[in-house]
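In the numbering used here, the protein residues as written are 81 to 470.
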């Protein structure tokens, strides 16, 4: 059984690696795609903004995985993703680029909750942090491995070359899910009741506290994330010249954060691991003016910033997966949507705050970190394995 689960874990990681790449490859090669499509960079940025908005649709599709099975939810997510990739592959244009980015993002938001719910169904809570972290390795690896490969393809093909490659690898991942993941229809074939499932989750206080905690932390993180590069340029005349080096720093810091979360979450508890990550993030923000005076200091700060972020997010996933076992996929979809909303709010708030200087962004970021820490303390629910509230 363990080997069977490990095999599925590999398939889930592969599918997430492919799907994550569709989004992550756009940022470093923004100008390349704009040039290939003969449009302004702002047009590509608009496509990314629109794709982020699609995350709000995830919770409306997630109940399918709770009512029709995890496998069905995964296949729907991969189907949406493949539709987007194939559109850009077969009919390259700015319109199909928009479609590919939009459906790629939506496919990711539909795919992830049933995968997390499946792991919640088939792994003990005491070890779930490890399994969730393994899946999330795909996020860092997409930046370390897949994004450079996409760049290599772009140098030897048209702008839609990476989309063709993602169509092929996505089709392989879909076939592996169809072949290796068993059908898991509920014992009682309940009809899909989208709004009923969403109301059920939103009516449970620990679930709401968890979503608000995630939203608050992501918002605080994004207040720095958006303007970090601008601040370095304005204050010190510094820029991260080597894109590959910056990508590696970010990717390896994410990898390190996921590894730390995998080690800590199951040993000291998910809540304590989240708290440790939030505290580290807060301390990192406080030291921002002290370490950004050199490119070496900037890279060290960047490493710690993304590392602490990953520790919090990866530790939060297994915690949230256990809050409402009967509606896991819907719960996880709403949590992911809350993270996306927090990111969007941070994107909007960061530039106006920066007019007052980096310390204003840092102070507000610290406030939301502390708010997230408080909300974490309000997540009280009964762990079935330890038989008590926590």
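Backbone N, C-alpha and C define an ideal beta-carbon position, used for all residues, glycine too. This structure is a prediction, so every number in the text was calculated from the model and none was measured.
DSSP, reduced to helix, strand and coil, places residue 106 outside both helices and strands of the structure shown, so it counts as coil. Membership of residue 366 in the alpha helix (DSSP H) is indicated by the continuous run 350 to 366.
A straight-line Cα-Cα distance of about 15 Å links residue 348 and residue 456. Counting the other CB atoms within 10 Å of its CB gives residue 111 a total below 16, which places it among the exposed residues.
Of the residues assessed, residue 263 falls on the exposed side of the cut-off, its CB having fewer than 16 other CB atoms within 10 angstroms.
Residue 432 and residue 366 have their alpha carbons spaced roughly 20 Å apart. Look at residue 164 here: in three-state DSSP terms it is helix. With a contact defined as Cβ atoms closer than 8 Å, residue 208 and residue 398 qualify at about 4 Å. Along the stretch 376 to 439, the beta strand (DSSP E) does not occur as any fully enclosed run of 3 or more residues. The three-state secondary structure of residue 305, taken from DSSP, is helix.
The C-alpha of residue 297 lies about 28 Å from the C-alpha of residue 225. Judged by DSSP in its simplified three-state form, residue 196 adopts helix. Judged by their CB atoms, residue 435 and residue 261 are not nearer to each other than the 7 Å cut-off. In the three-state DSSP reduction, residue 88 falls in the helix class (H, G or I).
Here the C-alpha atom of residue 156 lies approximately 34 Å from the C-alpha atom of residue 329.
Residue environment analysis places residue 130 among the exposed positions, since fewer than 16 neighbouring C-beta atoms fall within 10 angstroms of its C-beta.
Counting C-beta pairs closer than 8 Å gives fewer than three between the stretch 379 to 387 and the stretch 251 to 258, which falls short of the contact rule.
Under the criterion of beta carbons closer than 8 Å, residue 93 and residue 222 do not qualify as touching, at roughly 11 Å. In the DSSP assignment, residue 216 falls within the unbroken alpha helix (DSSP H) covering 205 to 221. By the Cβ neighbour-count rule, residue 286 is buried, with 16 or more other Cβ atoms within 10 Å of its own. The residue from 440, 340, 406, 446 with its alpha-carbon nearest to that of residue 394 is 340. Taking 7 Å as the cut-off, the Cβ atoms of residue 174 and residue 117 count as close. If you compare the alpha carbons of 294, 417, 193 with that of residue 391, the shortest gap goes to 294.
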